[in-house]
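Here the structure is laid out as structure tokens; the discussion comes afterwards.
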Amino acid sequence: LVIGAFLFARELYGTDAGLLAATLCAFSPNLLAHGRLATTDLGLACFVLLSVYTYYRFVQAPSTDRLVLAGVALGAALLAKFTGVLMLPLLGLWAVVIPVVRHRSLPDDGLSDQSRLPLPRALAGSIAATIAIVAIGLFTVSLGYLTPGRPWVYFQDMGQVGVNVMNEYTAYFHGSFVEGGVPWYFVAAFLLKTPLAFLLLLTLRLGWDVRRPSGSMIARILIFTPIAVWFAIVSWRAFQIGVRYVLPAYPLLFVYASGIVASPAFDRRWVRAAVAGLAVWFVSSSLIAHPDYLPYFNELAGGPDNGIEWLDDSNIDWGQDLILLRTFIEETDAQGVRFTPMAEYDPALYGLDAEFVRPEVSLRDLSSASPPPGIYAVSVHLLNRIRANPSAVTDPLRDLTPVAVLGHTIYVYYVP
101 LVIGAFLFAR ELYGTDAGLL AATLCAFSPN LLAHGRLATT DLGLACFVLL SVYTYYRFVQ
161 APSTDRLVLA GVALGAALLA KFTGVLMLPL LGLWAVVIPV VRHRSLPDDG LSDQSRLPLP
221 RALAGSIAAT IAIVAIGLFT VSLGYLTPGR PWVYFQDMGQ VGVNVMNEYT AYFHGSFVEG
281 GVPWYFVAAF LLKTPLAFLL LLTLRLGWDV RRPSGSMIAR ILIFTPIAVW FAIVSWRAFQ
341 IGVRYVLPAY PLLFVYASGI VASPAFDRRW VRAAVAGLAV WFVSSSLIAH PDYLPYFNEL
401 AGGPDNGIEW LDDSNIDWGQ DLILLRTFIE ETDAQGVRFT PMAEYDPALY GLDAEFVRPE
461 VSLRDLSSAS PPPGIYAVSV HLLNRIRANP SAVTDPLRDL TPVAVLGHTI YVYYVP
């Protein structure tokens with residue numbers, strides 16, 4: 101992913117931009133958070149970036165090799181996660197829009213009027229090439245499924261997504277539980293969980309680009325249409341449980357933001373100083389957050405300690421700190437720990453000397469007027485859900501003092 105961001109940004113804006121994009125990818129708290137988990141979100145972000153990059157290289161200089169690479173990258177994006185299927189309508193859109201854009205004789209597309217094909221021929225060629233890329237992508241998918249030449253198995257399996265998902269889920273945002281969720285959830289999650297330094301860098305890049313556009317219009321189309329589609333689709337259909345659903349937007353935005361070093365604005369001393377300062381701030385934010393990247397929240401949210409007041413679920417806890425709990429139990433010689441993680445994990449899998457207690461039991465006890473004595477280790481995600489219970493007398497997050505908070509995600513209480 102880091103190498104892909106470097107190559108894409110370097111091809112668009114030069115080596116300095118490539119290094120900046122690679123740095124942003126390498127130190128992004130959200131990418132680091134999901135890089136340590138056995139999940140599909142980071143893989144999707146990686147291969148969506150590579151799919152966009154290889155398609156850009158193909159449309160800039162069509163060749164058989166580049167067409168095959170674009171197809172394989174597309175197949176990898178489809179295999180990484182079912183949401184990768186959003187790349188298929190995007191390719192259809194690009195197949196039509198890019199020839200039209202080029203036909204308008206933009207000065208930055210590298211084509212002379214003499215070499216420009218008539219629009220009908222350009223459209224036909226673009227559509228045919230895109231169909232070939234999709235065909236190679238689907239064949240790659242069939243190889244990944246060990247069903248060579250039968251990609252429809254992939255689409256059959258896609259129908260199984262959500263079979264075991266709890267559909268009656270109450271979304272949480274900024275202290276409130278909202279039936280049906282809030283339409284701006286993922287935009288808000290992005291703004292709260294992205295380092296403020298990058299938000300300012302992106303604002304600087306967008307502001308200058310609006311004021312004085314430079315660079316390839318085709319590159320802008322290829323970068324921003326996936327971002328727009330991902331935010332739109334997940335805001336419409338996805339469960340409001342984590343910024344991870346829009347993770348593919350991050351590498352593309354890092355590549356775009358890196359273009360500030362190639363813009364006319366970079367000739368100004370204050371812009372160079374601002375970019376350098378923001379890059380240092382960004383890296384520093386990541387180093388300070390280490391190793392607790394999943395519960396990272398920026399200064400706008402009040403930092404990770406205040407994250408639960410804004411968002412919950414996979415924005416904070418996905419079981420990544422169970423090993424910290426094991427260390428805590430061993431170092432304190434705690435006995436009879438009542439353990440309630442965010443999901444039903446078997447404590448033995450993590451070497452935990454603790455009793456698994458279902459949430460409805462431990463949360464009922466902790467929220468009562470007089471909690472039964474004992475040591476409780478509970479996910480902050482579940483503790484937050486107590487606030488949705490009107491019969492709760494005690495709010496552990498505000499009324500009880502934990503003896504330890506592990507990785508901002510597991511609260512340990514001792515009730516004498």
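Under the working numbering, the letters of the sequence shown match residues 101 to 516, in that order. Glycine is no exception: its CB is placed at the ideal position from the N, C-alpha and C atoms.
In DSSP terms, what residue i is bridged to
i: F324; result: In DSSP, F324 forms no bridge with anything.
i: G474; result: V515
i: R438; result: E455 and Y476
i: A504; result: V512
i: F366; result: Note: F366 sits in no beta bridge, so no partner.
i: V278; result: A271
Through-space distance from residue j to residue i, alpha-carbon basis
i: L144; j: S128; result: 16 Å
i: W284; j: V505; result: 30 Å
i: S316; j: A229; result: 21 Å
i: D208; j: S414; result: With a pLDDT of 49 at D208, under the threshold of 50, the modelled position of that residue is not reliable, and the figure given next carries that caveat. Roughly 42 Å between the two C-alpha positions.
i: T270; j: Y396; result: 22 Å
i: A242; j: L352; result: Here the sequence assigns Ser to residue 242, which means Ala is not the residue at that position. Going by the C-alpha atoms only, they are around 27 Å apart.
i: Q260; j: D141; result: 18 Å
i: E111; j: L190; result: 22 Å
i: E431; j: D421; result: 15 Å
i: F147; j: F106; result: 14 Å
i: A376; j: Y113; result: 17 Å
i: R204; j: I227; result: 18 Å
i: G281; j: F290; result: 16 Å
i: W381; j: I321; result: 29 Å
i: A338; j: R369; result: 44 Å
i: G210; j: D257; result: Because G210 sits at a pLDDT of 49, beneath the cut-off of 50, its placement in the model cannot be relied upon, and the point is left open.
i: S215; j: R202; result: Low confidence applies to S215: its pLDDT is 49, below 50, so where it sits in the model is not reliable, and the reading given next is rough at best. When rounded, the distance between both Cα atoms is 11 Å.
i: T494; j: W410; result: 20 Å
i: P496; j: Y254; result: 45 Å
i: G244; j: A373; result: 47 Å
i: L300; j: D367; result: 19 Å
Endpoints, beta strand (DSSP E) assigned at residue i
i: E455; result: A454 to F456
i: S128; result: Careful: S128 lies outside any beta strand (DSSP E) and carries neither H nor E.
Contact check, residue i vs residue j, beta carbons under 7 Å
i: E455; j: R438; result: yes
i: V346; j: V334; result: yes
i: L394; j: A126; result: no
i: A434; j: I475; result: yes
i: V159; j: I198; result: yes
i: I327; j: A357; result: no
i: P473; j: V515; result: yes
i: Y445; j: G407; result: no
i: V278; j: D116; result: no
i: M442; j: D465; result: no
i: A138; j: L292; result: no
i: T123; j: V172; result: no
i: P404; j: H274; result: no
i: A177; j: M187; result: yes
i: V371; j: A365; result: yes
i: S314; j: S385; result: no
i: I233; j: A170; result: yes
i: A161; j: F354; result: no
i: T440; j: S462; result: yes
i: N398; j: L296; result: yes
i: D412; j: Y272; result: yes
Proximity to residue i [Cα-Cα], best of the options
i: V480; options: A492, V512 and I231; result: V512
i: D392; options: V185, I327, L131 and V148; result: L131
i: A224; options: L243, A235 and G192; result: G192
i: R458; options: L174, L449 and L483; result: L483
i: G359; options: M258, L119 and I103; result: L119
i: L149; options: L302, A477, I103 and V478; result: I103
i: V168; options: I236, K293, F366 and R337; result: I236
i: D453; options: S467, T183, A170 and G436; result: G436
i: A477; options: P471, L497, S468 and I510; result: I510
i: Y450; options: A469, T501, G244 and T427; result: T427
i: V200; options: T183, G184, A374 and P218; result: P218
i: A332; options: V287, S468 and I423; result: V287
i: L174; options: L238, G249 and T501; result: L238
i: F298; options: H390, D165 and V383; result: V383
Residue span of the alpha helix (DSSP H) that contains residue i, given as start and end
i: P496; result: P496 to D499
i: D257; result: W252 to M258
i: E111; result: V102 to Y113
i: W49; result: In the structure as shown, the chain begins at 101 and stops at 516. Residue 49 is therefore absent and cannot be evaluated.
i: M427; result: Checking the sequence shown, residue 427 turns out to be Thr, not Met. Segment L422 to T432, the alpha helix (DSSP H) holding T427.
i: V241; result: L219 to G244
i: G171; result: T164 to A180
i: F158; result: D141 to Q160
i: W308; result: L296 to R311
i: S355; result: One detail in the question is off: residue 355 reads as Val in this sequence, not Ser. A349 to S358 is the extent of the alpha helix (DSSP H) around V355.
i: Y285; result: Y285 to K293
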